[in-house]
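**Student:** This structure is in C-alpha cells; I'll ask about it shortly.
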Amino acid sequence: MSTIEADRALTDALDRRDGLPAAFRFLESGCPRSAWSTMALHPMAQHWLDIHGWFRGQIGDLQTLGNAWREGAIDTAAYRAAATPRLRRLLDNLHHHHTLETEQAFPMLTAAEPRMAAGFALLDRDHDAIEHLLSAMAEASNALVRTGFDRTVSAVELAPLAETLTNRIERGAALIGNHLRDEEEIVVPVLTLRGAHLRF
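The sequence shown begins at 0 in numbering that gives the first Met the number 0 and counts up one residue at a time.
Right, here's the structure in full:
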C-alpha cells in the first residue's frame, strides 16, 4: 500500500475518525463552528444544519427505543412497531439527501472552492460506506417485521432479530454522527465564505 493509499485508508476510517482531518480545515478560521450560532450563515448552510439536526433527532429516538427494549421497558412487538417505520423513514431520507449531495451539491461546492475537492471526495466515499450500513440496517428491520407477522414465532425467538437491529442502529449512529459532523465542517464554511453566488 502506498503512502497516499495508507493516508486515505486512515482518513476514510469513519468509525475511528474523531474530527475532520486537518487538510480540510483551511477555511475554519473564517467560519469556526463555535461562531455559527452568531454568524450570518449562507441560508443553505443553515438549511443543511437543520436537516442534519432532524437526522440526529431520529437516530436518537431509535437509540432510546433500543435502550428501552434492552431494559425491558417495552416488549419486542412494541419495539418492532415503533422502531421499524421510523427507521424506514430515516433511511429513505438519508438516501435521498446523500444522492442530492453527491449528484448536485458537491460538484457545485467544489467549483466554488476547488481546493476542497479532496474533502468532498472524502464525503462521497463516506456516502458509499454509509449506504452499505443503511442496507444492513434495512435488512435487519425487514427481518424483524417479516418474522414478527408469523404468529407461530415466539417473543423469545424474535429477540435475536431485535438485538441485531439494535446493534446495527448503534453502529449506524456512530458512523452517521461522525459523517454529519465532518460534512458540516466542510460544507458550512464553503457555502458561507464562497457560496454567495450559488443558487440551489
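Note that the Cβ used here is the ideal one computed from N, Cα and C, for glycine as well.
Using a Cβ distance threshold of 8 Å, determine whether the segment 135 to 149 contacts the segment 184 to 195, with at least three qualifying pairs required.
**Tutor:** no
**Student:** Using the C-alpha atoms, what's the distance from residue 190 back to residue 44?
**Tutor:** When rounded, the distance between both Cα atoms is 6 Å.
**Student:** How far does the alpha helix (DSSP H) with residue 54 in it extend, from its first residue to its last?
**Tutor:** 42 to 69
**Student:** Which term fits residue 125, buried or exposed, when burial requires 16 or more other beta carbons within 10 angstroms of its beta carbon?
**Tutor:** buried
**Student:** Which same chain residues end up closer than 7 Å to residue 137 when comparing Cβ atoms and leaving out the 5 residues on each side of it in sequence?
**Tutor:** Contacts found: 90.
**Student:** Please list the terminal residues of the continuous alpha helix (DSSP H) segment that includes residue 190.
**Tutor:** 154 to 193
**Student:** Using 8 Å as the threshold, is the C-beta distance between residue 58 and residue 154 below it?
**Tutor:** no
**Student:** Could you tell me whether the Cβ atoms of residue 184 and residue 19 are closer together than 8 Å?
**Tutor:** yes
**Student:** Fully enclosed by the segment 61 to 145, which alpha helix (DSSP H) runs are 4 residues long or longer?
**Tutor:** 75 to 99 and 105 to 111
**Student:** Just to check my reading of the structure: residue 143 and residue 164 have Cβ atoms closer than 8 Å, yes? What is that Cβ distance to the nearest angstrom?
**Tutor:** 5 Å
**Student:** Are the CB atoms of residue 24 and residue 177 nearer to each other than 8 Å?
**Tutor:** no
**Student:** Confirm, please, whether the CB-CB distance from residue 85 to residue 179 is below 8 Å.
**Tutor:** It is not a contact, given that the beta carbons lie outside the stated cut-off.
**Student:** For residue 22, does the three-state DSSP call read helix, strand or coil?
**Tutor:** helix
**Student:** Spatial neighbours of residue 161 within its chain, please: C-beta separation below 8 Å, excluding the five flanking residues on both sides.
**Tutor:** 68, 75, 78, 79 and 143
**Student:** Residues in the same chain with beta-carbon distance under 6 Å from residue 181, minus the five sequence neighbours each way, listed in chain order, please.
**Tutor:** 19
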